[in-house]
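Number of protein chains: 2
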Amino acid sequence: MMLADIADTRLDERLLKIELTALGLAARTAATELALASAEAKNSALKSAAAALREKTSAPLSANKIDVDAARAAGRPASFIDRLTISEPRIEATARGLEEIAALADPVGEVTSAWQRPNGLQISRVRVPLGVIGIIYESRPNVTADAGALCLKSGNAVILRGGSECLHTNAAIHACLAEGLAKAGLPEAAIQLIRTADRAAVGMMLDGLGGAIDVIVPRGGKNLVERVQSEARVPVFAHLEGICHVYVDKGADLAKARAIVVNAKMRRTGVCGAAETLLVDEAGASRFLTPLLEALFEAGCEIRGDEHVREADDRVKPANEMDWRTEYLDAIIAVRIVDGVQGAIDHIERYGSHHTDSIVTEDRETAEIFLKRIDSAIVMHNASTQFADGGEFGMGAEIGIATGRFHARGPVGVEQLTTFKYIVRGDGQIRPS
Amino acid sequence: MMLADIADTRLDERLLKIELTALGLAARTAATELALASAEAKNSALKSAAAALREKTSAPLSANKIDVDAARAAGRPASFIDRLTISEPRIEATARGLEEIAALADPVGEVTSAWQRPNGLQISRVRVPLGVIGIIYESRPNVTADAGALCLKSGNAVILRGGSECLHTNAAIHACLAEGLAKAGLPEAAIQLIRTADRAAVGMMLDGLGGAIDVIVPRGGKNLVERVQSEARVPVFAHLEGICHVYVDKGADLAKARAIVVNAKMRRTGVCGAAETLLVDEAGASRFLTPLLEALFEAGCEIRGDEHVREADDRVKPANEMDWRTEYLDAIIAVRIVDGVQGAIDHIERYGSHHTDSIVTEDRETAEIFLKRIDSAIVMHNASTQFADGGEFGMGAEIGIATGRFHARGPVGVEQLTTFKYIVRGDGQIRPS
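Going down the list, the protein sequences come from chains L and G. Adding 16 to a residue's 1-based position in the first sequence gives its number in the working numbering. Adding 16 to a residue's 1-based position in the second sequence gives its number in the working numbering.
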């Protein structure tokens, strides 16, 4: 690299920093305005954006063609192309998603508790938006609409940074959101899209853009989330991985266990709530193990087991230490025999990722021990881990699932994108000495 | 410094790191146990600790004498000696404080919301402890008992790091807490005291002790909080300063305004909820300004004002830009004339610290504008800012007041020292494709 190139790079970075700082300031100003916006205005913006997507479907479609052609030319794998590609039905689904978010209750201004003090002071705790949310995502362009809409609904401004490979698609979808904001009289800077492919932009977002970003939400693979969690200087709502367990207790009902295990693993293998490890109670293994393995094989699942599991079926491959720590996101499951509910708890606390874990048993006492002792964002009894989802929880859309312990945990819906303040109403009260 | 000294220092630091890492691991193990402890066990530990403090008052008193003598010999100022000194009444107050925390409702296990899904899944959101809390504090030894007790009550393990000048006193108080834990059959490692004066220990805590600390709460002056906020690699619950405002609107009742302004500023000038700036509505200044200034002068307060305020009374000193940004923590107030409620909002959002701000007016509409638009942890109408306190809010004791937007905001009582998990109870539900 020539000295002139280095100088140019630095100039580029400085210009980028200036540009993003200006964008952050605009987002901060928009956030102040958006925090006071009425539910009607926000919902009308969402509905207009949905209408714009439907009316101008050709714009995102032709933009998407540019991105998809470039990705093909770059030799990207089919799974990447699939995530990147949008179609008329996908755009219709995105538009419907915006309308569903519009139909949710507005969390801002909600009084979550209120009480009166003996001196007559009336104290209430009221939801307010968090401020400015930064979203860093990869090749799914629908995140542009989904995340933008969730932030808008919860009164937050948002700075979107999608993958450089879908920049054209994202820009076309973003134009529809901007049109919605403008039609509703809301500041267009409330939903901003970073339009540079320069990777330095991500680092600047992780630094918080000089105080402009309050929280970062990464949406993408483990590498992205890992980088964001280790480098971000602002809070992060995320989960690194979903190493979810199903524990089949000796008190289980076999039919339920079979249905839950197969569904938890195989309904969709690529979602974070998919089970990765099956734990079977030693005391129930003689009754449950073979039928559970059969059902999994039948569903097309590869099984890796400890020596006891391998003894039960010679199609089982050997599991090693790494298998207990692996999020396969594929039709593979690790199976282990454990010593009762305490053995299951010990395994899950050691190898799990505190995302979602489920016990299958008809014994309520054992279930309660599991539910109390497992320290995960979501713990379940007699249900499939694939219910780990904001929609299935009845929260409406979610921006992701968080496994951190602070502020947001589990599905992050519009409520978790708010904080609160206390409002104290008095009639001249002063505090005694 | 000789090379040998450097080597020694490094060895010291390495040993300290090993020691603190072990302490952190012990705290983490204790936290797991404490999360499952019954309310009875935790309350019994608190009551036994209170009893130990009362029975063995002489131990903390003689330990305190060592610390106070050393501080005197080091020429520490009187205010420092006063904060450091404990006495029989102060110990009795500390013991009563422990009993009051024992009497609070146990937040752990509380179901904060519960609902049923159309498919029969029963979802509940249940409070669980945060984990391990690190407290870094200065010369008030009562924090040892108060903070230790609040963390214990909320099911968290705690690592205490008090000022090196009160190490003996803190150790004596800590011994009573440890006795309480032992008597209740709870792990003594649940409340740990770092017993080294080595300042490197603070840096290691701010790093999170290798993942052992979940959140840091600094208790002390602005320098301490500033260091913690800028260096901590884990979440921090704190406020840097309390630049609290009282705005007297043209619609105010003079008698209420006078009482609130004097109380907000002068009841105690050293607390974070003390008012530092008085804003008077231009349209009400002719009626309110002189009586408010009179009342403040009468109470012994120094007044620094803008030119309009100085015209009203020649005892008023000139205020400059820095006065609007200063937390005096003293009998000094800055006074400014503003253009109505929007002028007050603009001033507070520009200069305030988002702690506590109050409007005085009989005009409810104006009050609601202020309550909605001021983005502070606590906003008040017709009440003294000195009510910014967990006890006054009815939360019982607090570990401090937070101005951050994440997780904890306003008074941080036992509830804010918890997080939550979702418990999902089913009867074999699987998720449809």
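Where is the CB? At the ideal position from N, CA and C, for every residue including glycine.
**Q.** Segment limits, beta strand (DSSP E) that includes Asn398/L
**A.** To locate residue 398/L, count along the first sequence from 1; it is residue 382. Ile394 to Ala399 is the span of the beta strand (DSSP E), which, as asked, contains Asn398/L.
Q: Kindly give me the distance between the Cβ atoms of Asp265/G and Glu181/G, rounded to whole angstroms, as I take these residues to be in contact under 8 Å.
A: As a working note, residue 265/G is residue 249 in the second sequence. As a working note, residue 181/G is residue 165 in the second sequence. No, Asp265/G and Glu181/G are not in contact; Cβ-Cβ is about 46 Å, not under 8 Å.
Q | Proximal chain G residues relative to Ala393/L, where beta-carbon distance stays under 7 Å | A | In the first sequence, counting from the first residue as 1, residue 393/L sits at position 377. Contact annotation for Ala393/L against chain G: Lys437 and Tyr438 [CB-CB distance below 7 Å, chain order].
**Q.** Helix, strand or coil at His371/G according to DSSP, with G and I counted as helix
**A.** Stepping through the second sequence from its first residue, residue 371/G is reached at position 355. Secondary structure at His371/G: coil, using DSSP grouped into helix, strand and coil.
Q: Let me know the secondary structure DSSP gives Ala311/G once reduced to three states.
A: Numbered from its first residue, the second sequence carries residue 311/G at position 295. DSSP, read as helix, strand or coil, puts Ala311/G in helix.
Q.
Please report the distance separating the alpha-carbon of Arg92/G from that of Arg425/L.
A. Translated into positions along the second sequence, residue 92/G becomes position 76. Translated into positions along the first sequence, residue 425/L becomes position 409. So the alpha carbons of these two residues sit roughly 46 Å apart.
Q) In chain order, which continuous runs of the beta strand (DSSP E) of length 3 or greater are located wholly inside the region 101 to 159 of chain L? A) Runs found: 127 to 132, 138 to 145 and 148 to 153.
Q: Sort out for me which residues DSSP pairs Gly426/L with in a bridge.
A: On the first sequence, position 410 is the one that residue 426/L refers to. Residue pairing by DSSP places Gly426/L opposite Ala418/L in a beta bridge.
Q. From the beta carbon of His261/G, is the nearest beta carbon of chain C less than 9 Å away?
A. Considering every chain present, this structure includes no chain C. Its protein chains are L and G.
Q) By Cβ distance, which residues of its chain are closer than 7 Å to Phe304/L, with the 5 residues on each side in sequence left out? A) Stepping through the first sequence from its first residue, residue 304/L is reached at position 288. Result list for Phe304/L: Val264, Ala268, Leu270, Ala273 and Val296, in chain order.
(Q) Quick check on the DSSP output: the beta strand (DSSP E) that includes Pro76/G runs from which residue to which? (A) Your numbering for residue 76/G matches position 60 in the second sequence. Unbroken run through Pro76/G is the alpha helix (DSSP H), Ser74 to Ala89; no beta strand (DSSP E).
Q.
For a test of the three-state rule: what should DSSP assign to Val252/L, helix, strand or coil?
A. Counting from 1 along the first sequence, the entry for residue 252/L is found at position 236. Shown here, Val252/L sits in a strand according to DSSP, grouped into three states.
**Q.** Where the region 237 to 257 of chain L meets chain G: residues whose CB sits under 9 Å from a CB there
**A.** So the close ones are Pro251.
**Q.** Nearest-angstrom Cα separation, counted from Gly40/G out to Asn336/L
**A.** Within the first sequence, numbered from 1, the residue matching residue 336/L stands at position 320. Within the second sequence, numbered from 1, the residue matching residue 40/G stands at position 24. Going by the C-alpha atoms only, they are around 30 Å apart.
(Q) Residues of chain G with CB closer than 8 Å to the CB of Ser180/L, please, in chain order. (A) In the first sequence, counting from the first residue as 1, residue 180/L sits at position 164. Among the residues of chain G, none has a CB under 8 Å from the CB of Ser180/L; the nearest is roughly 30 Å distant.
Q. Is the beta carbon of Leu176/L less than 9 Å from the beta carbon of Ile210/L?
A. Numbered from 1 along the first sequence, position 160 holds the residue referred to as residue 176/L. Numbered from 1 along the first sequence, position 194 holds the residue referred to as residue 210/L. Yes, they are a contact pair.
Q. Can Leu374/L and Glu343/L be called in contact, C-beta distance under 9 Å?
A. Taking the first residue of the first sequence as 1, we reach residue 374/L at position 358. Taking the first residue of the first sequence as 1, we reach residue 343/L at position 327. According to the sequence displayed, residue 374/L carries Ser and not Leu. A distance of 9 Å or more separates the beta carbons of Ser374/L and Glu343/L.
Q.
Looking at the ligand MN, does it come within less than 8 Å of Ala315/L, judged from the CB to the closest heavy atom?
A. With respect to the ligand MN, the structure offers nothing, as it holds no ligand at all.
Q) Interface residues of chain L around Ala275/G at Cβ under 7 Å? A) Looking up residue 275/G in the second sequence gives position 259. Neighbours of Ala275/G in chain L, taken as residues at a C-beta separation under 7 Å, are given in chain order as Gly444 and Ile446.
Q) Quick one: Cα of Glu323/G to Cα of Val351/G, how far? A) Here residue 323/G refers to the residue found at position 307 of the second sequence. Here residue 351/G refers to the residue found at position 335 of the second sequence. When rounded, the separation of the alpha-carbon atoms in Glu323/G and Val351/G is 10 Å.
Q | Val354/L versus Leu294/L, Thr401/L and Met220/L, residue with shortest Cα-Cα distance | A | Mapped onto the first sequence, residue 354/L falls at position 338. Nearest neighbour of Val354/L by Cα position, chosen from Leu294/L, Thr401/L and Met220/L, turns out to be Leu294/L.
Q. Where does Thr372/G land, buried or exposed, given buried means 16+ other C-beta within 10 angstroms?
A. Residue numbering aside, residue 372/G sits at position 356 when the second sequence is read from its first letter. The residue is buried, with at least 16 neighbouring Cβ atoms inside 10 Å.
Q: Report the three-state DSSP secondary structure of Val287/L (helix, strand or coil).
A: In the first sequence, the residue the question calls residue 287/L occupies position 271. Coil.
Q.
Contact criterion: CB-CB distance below 9 Å. Does Ala271/L meet it with respect to chain G?
A. Mapped onto the first sequence, residue 271/L falls at position 255. So, interface residue.
Q. Alpha carbon to alpha carbon, how far is Gly227/L from Phe436/G?
A. Taking the first residue of the first sequence as 1, we reach residue 227/L at position 211. Taking the first residue of the second sequence as 1, we reach residue 436/G at position 420. Each residue's alpha carbon lies about 28 Å from the other.
Q | Where Ala280/G falls, given that 16 or more other Cβ within 10 Å makes a residue buried | A | On the second sequence, position 264 is the one that residue 280/G refers to. When all chains shown are included, Ala280/G counts as buried.
Q: Using only alpha-carbon positions, find the residue among Glu257/G, Pro234/G and Thr73/G that is nearest to Arg106/G.
A: Along the second sequence, one-based indexing puts residue 106/G at 90. Answer by Cα proximity: Thr73/G.
Q.
For Gln432/L, report the span of its alpha helix (DSSP H) as first-last.
A. Position 416 of the first sequence, counted from the start, is the residue given in the question as residue 432/L. Unbroken run through Gln432/L: none, as it is neither H nor E.
Q: Please check the pair Asn186/L and Gly196/L, which I expect to be a contact at CB under 8 Å, by giving their CB distance rounded to whole angstroms.
A: Stepping through the first sequence from its first residue, residue 186/L is reached at position 170. Stepping through the first sequence from its first residue, residue 196/L is reached at position 180. Going by Cβ atoms, the distance from Asn186/L to Gly196/L rounds to 16 Å, so no, they are not a contact pair.
Q) Helix, strand or coil: which one does DSSP assign to Ala213/L? A) For the purposes of this step, residue 213/L is taken as the residue at position 197 of the first sequence. The answer is coil: DSSP assigns Ala213/L none of H, G, I, E or B.
Q.
Check this for me: beta carbons of Ile139/G and Ala130/G, under 9 Å apart or not?
A. Along the second sequence, one-based indexing puts residue 139/G at 123. Along the second sequence, one-based indexing puts residue 130/G at 114. Result yes, Cβ atoms of Ile139/G and Ala130/G sit closer than 9 Å.
Q. Within 10 angstroms of its Cβ, does Ala413/L collect 16 or more other Cβ (buried), or is it exposed?
A. As a working note, residue 413/L is residue 397 in the first sequence. Around the CB of Ala413/L, 16 or more other CB atoms lie within 10 Å, so the residue is classed as buried.
Q: In angstroms with no decimal places, state the Cα-to-Cα distance between Val262/L and Pro334/L.
A: If you number the first sequence from 1, residue 262/L lands on position 246. If you number the first sequence from 1, residue 334/L lands on position 318. Using only the alpha carbons, I get a separation of about 19 Å.
Q: Compare the C-beta of Arg44/L against all C-beta atoms of chain G and say whether one is closer than 9 Å.
A: Residue mapping note: residue 44/L aligns to position 28 of the first sequence, counting from 1. Judged by the 9 Å Cβ criterion, Arg44/L is not in contact with chain G.
Q: Check Glu456/L in the structure and name its three-state DSSP category.
A: Any question about residue 456/L goes unanswered here, given that chain L covers just 17 to 449.
Q. Under the rule that 16 or more other beta-carbon atoms within 10 Å means buried, what is Gly286/L, buried or exposed?
A. In the first sequence, the residue the question calls residue 286/L occupies position 270. Its Cβ having fewer than 16 others within 10 Å, Gly286/L is exposed.
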